[in-house]
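Protein chains in written order, with numbering that gives the first Met the number 0: chain Y, 0 to 362; chain G, 0 to 362.
For every residue, glycine included, the Cβ atom is placed at its ideal position computed from N, Cα and C.
Please read these numbers as outputs of a predicted model, since none were measured by experiment.
2 protein chains.
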Amino acid sequence: MSLKTDGLRHDEEDSSPLRRTSRRNTTRRERVAPNIGHVAAAAGVSRATVSRVMNGSPTVAPELAARVRAAAEALNYQPSRLARSLALGRTSVVSLIVPDLSNPMFQDILRGLSQAAAAQGHRLLVAESNENIQEEKILALEARRHSDGLVLASPRVPEEELLTLSEQLAPVVLLNREVPGSNLPSLSVDYAAGIRAIVTHLLSLGHRHLVYLAGPVASASNQERVAALRAASVATPGFTLTEIPCGSMFEDGHAAARAVLATKATAVVAFNDMVAFGTLSGLHELGVAVPDDISITGFDDIPFARYTTPPLTTASIPKNELGKQAWDRLWALMNGESPGHNVHFQPRLLIRESTGPAPTRHA
Amino acid sequence: MSLKTDGLRHDEEDSSPLRRTSRRNTTRRERVAPNIGHVAAAAGVSRATVSRVMNGSPTVAPELAARVRAAAEALNYQPSRLARSLALGRTSVVSLIVPDLSNPMFQDILRGLSQAAAAQGHRLLVAESNENIQEEKILALEARRHSDGLVLASPRVPEEELLTLSEQLAPVVLLNREVPGSNLPSLSVDYAAGIRAIVTHLLSLGHRHLVYLAGPVASASNQERVAALRAASVATPGFTLTEIPCGSMFEDGHAAARAVLATKATAVVAFNDMVAFGTLSGLHELGVAVPDDISITGFDDIPFARYTTPPLTTASIPKNELGKQAWDRLWALMNGESPGHNVHFQPRLLIRESTGPAPTRHA
DNA sequence: TTGATCGAAGGAACCGGTTTCCAAAGTCTT
DNA sequence: AAGACTTTGGAAACCGGTTCCTTCGATCAA
Chain Y
0 MSLKTDGLRH DEEDSSPLRR TSRRNTTRRE RVAPNIGHVA AAAGVSRATV SRVMNGSPTV
60 APELAARVRA AAEALNYQPS RLARSLALGR TSVVSLIVPD LSNPMFQDIL RGLSQAAAAQ
120 GHRLLVAESN ENIQEEKILA LEARRHSDGL VLASPRVPEE ELLTLSEQLA PVVLLNREVP
180 GSNLPSLSVD YAAGIRAIVT HLLSLGHRHL VYLAGPVASA SNQERVAALR AASVATPGFT
240 LTEIPCGSMF EDGHAAARAV LATKATAVVA FNDMVAFGTL SGLHELGVAV PDDISITGFD
300 DIPFARYTTP PLTTASIPKN ELGKQAWDRL WALMNGESPG HNVHFQPRLL IRESTGPAPT
360 RHA
Chain G
0 MSLKTDGLRH DEEDSSPLRR TSRRNTTRRE RVAPNIGHVA AAAGVSRATV SRVMNGSPTV
60 APELAARVRA AAEALNYQPS RLARSLALGR TSVVSLIVPD LSNPMFQDIL RGLSQAAAAQ
120 GHRLLVAESN ENIQEEKILA LEARRHSDGL VLASPRVPEE ELLTLSEQLA PVVLLNREVP
180 GSNLPSLSVD YAAGIRAIVT HLLSLGHRHL VYLAGPVASA SNQERVAALR AASVATPGFT
240 LTEIPCGSMF EDGHAAARAV LATKATAVVA FNDMVAFGTL SGLHELGVAV PDDISITGFD
300 DIPFARYTTP PLTTASIPKN ELGKQAWDRL WALMNGESPG HNVHFQPRLL IRESTGPAPT
360 RHA
């Protein structure tokens, strides 16, 4: 067996995978991950051959391949992901950027994406933008450079900027927003349709005065909801709509409970389930009965919506499916294929027990 | 200005950052990220100098540095993370492995870790092991090779195997379990103490018959809870403990509601908050009043625990803090420092409204 | 004026893989 | 047995950075 010394230019006196820990600490030697050169030397072949064997190239003789595999096994050799990525120009990692990790909505998307990506040997990098527009852009660029693709749930960044960025971010899939002038693939939810379904439901129960607990003003999906609500209020005679600035979190809804009562409305349309929960809880503390005194609806159908008391009437969106479809589209893009048409998911109205007939008022 | 051609061995006729898209597609050229060679050529310096400037080395003359920066700016140059990582031997990414991403407990840890890591310029890779022991090990190794360190919430892998793996996984921080014989840093929760607090609370309310809705049997933290409960039942005269195999998820608790009633116990100690919610909801559907007919406790204090009806009595554990501390320890390890002593977080009993006096039974 | 010292910047090795290109060896044909 | 074709596997370029080592020129002390 002829021992080659490729890749061992450093310590030629010693072919075992040992190396100085760092340039500073020259006293102690410790075992370090063996590299392709060590395996090649051990098997008596070139590094090229080791690479071929590790990647299952059919052009290497079976008995040689076996010898290489044995050597790799003996040394417990694992190819460096980094070096491999650099050479191949691909990392097998994709990134997800969400505004708020504490929102169960994004958690479910994260999960769906993670599982779909994992099924095809890809890992998921997660970053939270904390609703900060400036940071969101930098974060997106940064994350993109760590990975092969991006799923971007970025409701706040203005369209023009997104368009400018998109070249550097590609391949990218947008969540929950579309950029009209562009051909950026996006998966979104038809919030307007969901709101219309909710309003129709409430109207049929006799409600005529609705409060909308608004989400973040810059949020695209909030704007969509507001528009749908206003359109409905204009189209329906005798329909009163009150808007209260609120937020997207639990605490926001909780804090809004008194304001809701003050409006004398008979039903609350909350920005999302989290806000609805907060309001539910706040109203409960104030001794208000739901749905007898007031009805409440949410949006998203996060897992807990079924289990509150009373269970929450809400518009369900297929969060896992969103994650999965995001992966499918990203995967297509990464392979240079067309991502297919944008999907506009239709929310499904789930009528539970937080909505009931409008109470009859003594005027 | 002398134009060097370092890094441009490929297309020497053209110094602009253009390159063939791939080896197969030779017809179309498209703009590609410029590399350090392009910047060096544009600024008329060596690649080494560009590197120094990009990393803020003080040994570069100010006017030269300015020229390099201008060139980088003009080309919109961004150093390749990959190449940088390979050269530096560090990725600025850490991995988190959790058994179940749908558990809010882990979501909060994820969030805490992500934020702490981000604050020091690191990104987070997330992987879900789906409670599969074999996959958990492979996943951990895989994830580790993508990153500089690992936070491992892996309750099921046997201790010996974990010990064997630990060398390859280091630096690693364990969550929610300790491996006695090793010096693996770990952050855990004193589940026994939490259980004792819960039991004491229930006993003081007059409860004498408790059902424990057990979590996954292989789970280390479940074993700790069981042990604490049994110890309490042995130590307290007239204390009856019934154990029901259950699980860790919502649905598990929901399904167990009937079984709970059948035991005639006056209080339920659920494995965690999710299970408690499920049970709460199941009992509600069966027309059982909580806490009047039966008391329920959870564990973890996930965000929703405050907002259920009735709000859940539970043992609170500092999930964000767990994530943050995990980062601190990992960071210490990654810098070759000592991670400090293992921390055993003490749960805090939060008495809410899901527990009340034991009902007086007519025997 | 000369020798020593110091700072700045370039050359080249290196991180650890992949892949092209090519030479050598082996097989088949006539 | 010679020429043509097919495997097989090695050498070396390449991915895109970082950094050690060296050189060159300027400054400073003698």
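| query | result |
| --- | --- |
| Contact the stretch 336-355 of chain G vs the stretch 305-312 of chain G: 3+ CB pairs below 8 Å | yes |
| CB contact check: LEU329 (chain Y) to chain G, cutoff 8 Å | no |
| Residue interval of the alpha helix (DSSP H) (run including GLY252 (chain G)) | 249-254 |
| Inter-stretch contact (C-beta, 8 Å, three-pair minimum) for the stretch 196-214 of chain Y and the stretch 249-263 of chain Y | yes |
| Nonlocal neighbours in the same chain, by C-beta distance under 8 Å from PRO302 (chain G), ignoring five residues either side | PRO103, ASP107 |
| Interfacial residues, the stretch 276-299 of chain G to chain Y, with Cβ spacing under 9 Å | PHE276, GLY277, LEU279, SER280, HIS283 |
| Cα-Cα separation between ASN221 (chain G) and GLU158 (chain G), rounded to whole angstroms | 15 Å |
| ARG195 (chain Y) versus ALA227 (chain Y) - alpha carbon distance | 7 Å |
| CB contact flag (THR163 (chain G), HIS208 (chain G), <8 Å) | no |
| Best match in G:GLN119, G:CYS245, G:ASP189 for proximity to VAL216 (chain G) [C-alpha to C-alpha] | G:CYS245 |
| Whether SER187 (chain G) touches HIS340 (chain G) by CB criterion (8 Å) | no |
| VAL225 (chain Y): contacting residues in chain G (beta-carbon distance under 7 Å) | The contacting residues do not exist; VAL225 (chain Y) stays about 26 Å from chain G at best. |
| Inter-residue CB distance, ASP291 (chain G) and PRO236 (chain G) (contact presumed, cutoff 8 Å) | Not really, about 26 Å apart at Cβ, beyond 8 Å. |
| Residue-chain proximity (SER113 (chain Y), chain G), Cβ-Cβ < 8 Å | yes |
| Assigned exposure category for ILE295 (chain G) - 16 Cβ within 10 Å defines buried | buried |
| heavy atom of the ligand NAD below 7 Å from LEU348 (chain G) C-beta | The model depicted lacks the ligand NAD and carries no ligand whatsoever. |
| Helix, strand or coil at TYR190 (chain Y) [DSSP, three-state] | helix |
| Rounded separation between SER337 (chain G) and LEU161 (chain Y) - CA only | 44 Å |
| Near-chain G residues of the stretch 302-316 of chain Y (beta-carbon distance less than 9 Å), N- to C-terminal order | PRO302, PHE303, ARG305, TYR306, THR307, THR308, PRO309, PRO310 |
| Residue(s) in a DSSP beta bridge with ALA364 (chain Y) | The question about residue 364 (chain Y) has no answer, for chain Y in this structure spans 0 to 362. |
| Supposed contact pair GLY111 (chain G) and GLY322 (chain G) - C-beta distance, whole angstroms, cut 8 Å | 2 Å |
| Nearest-angstrom Cα separation, counted from ILE293 (chain G) out to ALA266 (chain G) | 5 Å |
| The beta strand (DSSP E) enclosing ILE293 (chain Y), as first and last residue numbers | Careful: ILE293 (chain Y) lies outside any beta strand (DSSP E) and carries neither H nor E. |
| Assumed close pair PRO356 (chain Y), GLY205 (chain Y) - CB separation to whole angstroms, cut-off 8 Å | 5 Å |
| Closer than 8 Å to chain Y by CB, GLN345 (chain G) | no |
| ARG229 (chain G) versus G:ALA304, G:ALA255, G:VAL198, residue with shortest Cα-Cα distance | G:VAL198 |
| Residue range of the alpha helix (DSSP H) that includes THR235 (chain G) | First-last for THR235 (chain G): undefined, no H or E at that position. |
| Counted within 10 angstroms of its Cβ, other Cβ atoms place ALA304 (chain G) as buried (16 or more) or exposed | buried |
| Proximal residues of chain Y, C-beta to C-beta of VAL85 (chain G) below 9 Å | In the sequence as displayed, the identity of residue 85 (chain G) is Leu instead of Val. Here the neighbours are SER79, LEU81, ALA82, SER84, LEU85. |
| Other residues of its chain near SER247 (chain Y): CB distance less than 8 Å, five sequence neighbours each side excluded | ASP99, ASN102, GLY214, PRO215, SER218, PHE270, ASN271, MET273, VAL274 |
| Buried versus exposed call for GLU29 (chain G) [16 or more other C-beta atoms within 10 Å across all chains shown] | Summary for GLU29 (chain G): the model assigns pLDDT 45, below 50, so the residue's position carries little reliability; its value from the coordinates is reported in the next sentence. Answer is exposed; the Cβ neighbour count stays below 16. |
| Against chain Y: residues of the stretch 98-123 of chain G by CB proximity under 8 Å | LEU100, SER101, PRO103, GLN106, ASP107, LEU109, ARG110, SER113, GLN114, ALA117, ARG122, LEU123 |
| LEU282 (chain Y) beta carbon less than 8 Å from that of THR307 (chain Y) | no |
| ARG51 (chain G) vs VAL38 (chain G) beta-carbon contact at 8 Å | no |
| Beta-bridge partners of VAL125 (chain G), as assigned by DSSP | Y:LEU123, G:LEU95 |
| Status (buried if at least 16 other CB within 10 Å, exposed otherwise) for LYS263 (chain G) | exposed |
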